[in-house]
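Structure, as structure tokens:
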Amino acid sequence: MGHSHGHGHHHHHHDHDHAAEAGPLPAAMDPAVPDSELSPDQLTRRTMLRRAGLLGAGAAGASVLGAAVPAAAASRQAAPAGRGGNGRGRLHWLAGDHHIHTQYSPDAMYRVVDQVGNGARYGLDWMVITDHGNVNHSRIGVERVNPDIRHAREVYEDTLVFQGLEWNIPAAEHATVFVHPGRHEVSVLKQFETDYDGGVNDATDSTPRNEALAISGLDFLAEQVRRRKVKDALMLANHPSRKGIDSPHEIRGWRDAQPRIAVGFEGAPGHQAAGIPAPHGSGSGRGFYTSSPDANSFPGYPAESYRTWGGFDWMTATVGGLWDSLLAEGKPWWITANSDSHSNYGDTSARPEGSDYDANGYHDDPVYAGSGLNLTAGDFWPGQYSRTHVGARDFSYAAVMEGIREGRIWVDHGGLISGLDAQLRGGNRSATLGGSLHVRRGTNVELVLEISLANGPNWAQFVPRLARVDVIRGAVTGRIDDQDAMSAPETKVVKSFEVNESTGTVRLTYRLGRVERPAYVRVRGTDGNRSQPGLNGSDVDPAGPALDVLGDADPWEDLWFYSNPIWVLPE
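In full-length UniProt numbering, the protein residues as written are 1 to 571.
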């Protein structure tokens, strides 16, 4: 986790124009490297992976032709990969966080190496540094943070560190925008922020002109990839329901304009520690979801959309809601979960006196505060609570970006589970998360889940227990005319499994039966502590996440995991 020694150096991280080349597995994840050759940090990480059941315990899956795929020799679970999510090869599930702030944001404080080092300590394999778009950041911050990011790449060779920024989407909320490392990562991000950031260009109001500027920004990113200025670029919308200003037609518009760039949104926002009740916490709302509608908000959103549900955004948490309305159209649109770390709960550091962000473009390095633990901060360190697990074909920047684009993602809070292998099977074929299973009409199809339970304490020092797993199924009904639609009437919870085991792996099977029309399935799980019927009624979701209460929403006492969908397309 710290500086690499000996075996396992990733020299491709240093020559950033070649950073897409597949590197070897990190030494801690490589069974060929004996414990005696690891640094103390690497040995700590290997011990953590072993405890979580993620080292040397890959789950075998079927290939396109139904033959067994060998279990992964090391690290993350193996699962089929390939075009359309079908067979051939195996995946390494790499945990990460695409929403992290540093001293180069006006409202944050940590050094890049602080965030990356702690993220690595908490088990993350990849991270994106996303300081706020603003005039100062576009003027000097983009350049000034880059040497710090390159330094962190060298110090933490077993961690992939992307440079990105948090885009003020014109006419909407924020988004992570990031690029593949390379010679032009700074110049592309700088021009993007200068020309297309809503804050920089006074384009935050919800107007058609500003909405068009957002599309132009996505077009610009696509053009940089086409011209090979950068190898890849992605956009993921952040905390989409917080202010009610990401309208359904804007979300569809981003995705339809550039489906290879705009690929998803946060299913759960960061700032999860904000829900810890006073006096032990800030006593706010999880995610700082405490707003109410204003002049720029989309008028169709209900009052409940401005709060989190079991820590998750309303768009994701509502079965048959906005996310499902996109999936029912057949639109690939993926969810993530992140820290949004600015200042972290229980930390002892603070900004030094006299720090002048406006003059310098950054805050001076944090110092020991001398005032005890910060119990009013709303954030966790990257990886401490929220994790986004991406199925990557190898350990490289390109593989992580490809895995995100293809929807091979599941997310969890509080270490509720340590692994998820989801396979939709039928006709001697299989597909995994984000993939499509193509079968003949009338083929029997089943969903097979292998869930690795928590095999050790999380960072709050208790072992979470998975109580229930829900399978959610929806019909794919095709494109619709109403671009502000936000319901999927045929989507509902079709099966709930009570989980009685507390350690090891559970295998669950849901039979879809003979599939006659296109459909998708997705899964979620809970510790069972807080549930209520979903907004669309108990027939649709009898025991969904509960509406979080402002001032009384301890995130550790209400844990969930969610997967992205798998499609079945009978022909």
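Just so it is clear, CB atoms sit at the ideal spot from N, CA and C, and this is done for glycine as well.
Identify which residue in Q423, D107 and H363 has its Cα closest to the Cα of V435. In the sequence under discussion, the amino acid at residue 435 is Gly, which differs from the Val named in the question. The shortest C-alpha separation from G435 is found at Q423.
Say whether the region 478 to 488 touches the region 438 to 458, bearing in mind that this needs 3 or more beta-carbon pairs closer than 8 Å, one atom from each stretch. no
Is M29 closer than 7 Å to D232 when the C-beta atoms are compared? Going by C-beta atoms, D232 is not nearer than 7 Å to M29.
If you check the beta carbons only, do D558 and R307 fall under 7 Å apart? no
What's the C-alpha gap between G8 and E37? Here the model assigns G8 a pLDDT of 37, short of 50, so the residue's position is not dependable, and the following value carries that caveat. So the two alpha carbons sit approximately 10 Å from each other.
Residue environment, S292, which counts as buried when at least 16 other CB atoms sit within 10 Å: exposed
Out of L550, F220, L535 and P26, state which residue places its alpha-carbon closest to the alpha-carbon of T318. Nearest of L550, F220, L535 and P26 to T318, Cα basis: L535.
Beta-carbon within less than 7 Å of G141's beta-carbon, same chain only, minus the 5 sequence neighbours each way: which residues are those? Y104, D131, G361 and Y362
Mind pulling the alpha helix (DSSP H) runs of 4 or more residues that sit fully within the region 337 to 368? 357 to 360
Nearest-angstrom Cα separation, counted from G528 out to F561: 12 Å
Under the rule that 16 or more other beta-carbon atoms within 10 Å means buried, what is Q224, buried or exposed? buried
Inter-residue Cα distance where the pair is L466 and P106: 39 Å
Specify the secondary structure class of A273 as computed by DSSP and reduced to three states. helix
CA-to-CA distance, L218 to A257, given in whole angstroms: Spanning the two alpha carbons is a distance of roughly 8 Å.
Check whether the region 459 to 476 and the region 293 to 305 touch, using three or more Cβ-Cβ pairs below 8 Å as the test. At 8 Å Cβ cutoff, the stretches do not touch.
Report all residues from its chain with a CB closer than 7 Å to the CB of R441; omit the five preceding and five following residues, and keep chain order. E516, P570 and E571
Span of the beta strand (DSSP E) around K492: Its beta strand (DSSP E) spans residues K492 to E498.
Would a C-beta distance cut-off of 7 Å place V116 and A152 closer than the cut-off? In this structure, A152 lies closer than 7 Å to V116 by Cβ.
Residues in its own chain within less than 8 Å of G478 by CB, not counting five upstream and five downstream? E329 and G330
Quick one: residues in its chain with C-beta nearer than 6 Å to the C-beta of P518, no 5 flanking neighbours on either side, listed in chain order? V476 and L569
Measure the beta-carbon distance from A95 to R522 and round it to whole angstroms, keeping in mind my assumption that it falls under 8 Å. So it is not a contact: roughly 20 Å between Cβ atoms.
What would DSSP say about I409, mapped onto helix, strand or coil? strand
Tell me the rounded alpha-carbon separation between E166 and W93. Going from the Cα of E166 to the Cα of W93 covers about 25 Å.
Give the single residue among T159, D484, R45 and S282 whose Cα lies nearest to the Cα of I245. D484
Going by C-alpha to C-alpha distance, which of G311, G321 and W381 sits closest to W556? G311
Looking at the structure shown, is R144 part of a helix, part of a strand, or coil, going by DSSP? helix
Let me confirm a value: residue 607 is counted as buried when at least 16 other C-beta atoms fall within 10 Å, else exposed. Which label applies? Missing from the structure shown is residue 607; the chain here goes from 1 to 571 and no further.
Counting along the chain, where does the alpha helix (DSSP H) carrying D219 start and finish? P208 to R226
Identify the residues that DSSP records as bridge partners of E166: which are they? H132 and T176
For F298: DSSP bridge partner residues: Bridge partners of F298: none, in fact.
Strand pairing of residue 602, partner residues [DSSP]: This structure cannot speak to residue 602, because the chain is shown only from 1 to 571.
What does the Cβ neighbour count give for H16, buried or exposed, with the cut at 16 atoms within 10 Å? Any answer about H16 is weak, because its pLDDT of 40 lies below 50 and its placement is not dependable; what the coordinates show is given next. By the neighbour-count rule (16 or more Cβ atoms within 10 Å), H16 is buried.
Given that a residue counts as buried once 16 or more other Cβ atoms are within 10 Å of its Cβ, and exposed if not, what is T207? By the beta-carbon neighbour count (other beta carbons within 10 angstroms, threshold 16), T207 is exposed.
From A212, V200, K229 and Q191, pick the residue whose C-alpha is nearest to that of G182; which is it? K229
Does the contact criterion of 3 or more C-beta pairs under 8 Å hold for the region 332 to 351 versus the region 497 to 506? Contact between the region 332 to 351 and the region 497 to 506 is absent, because fewer than three Cβ pairs lie under 8 Å.
Please give me, in chain order, every unbroken run of the alpha helix (DSSP H) with length at least 4 that falls completely inside the region 302 to 327. 314 to 317
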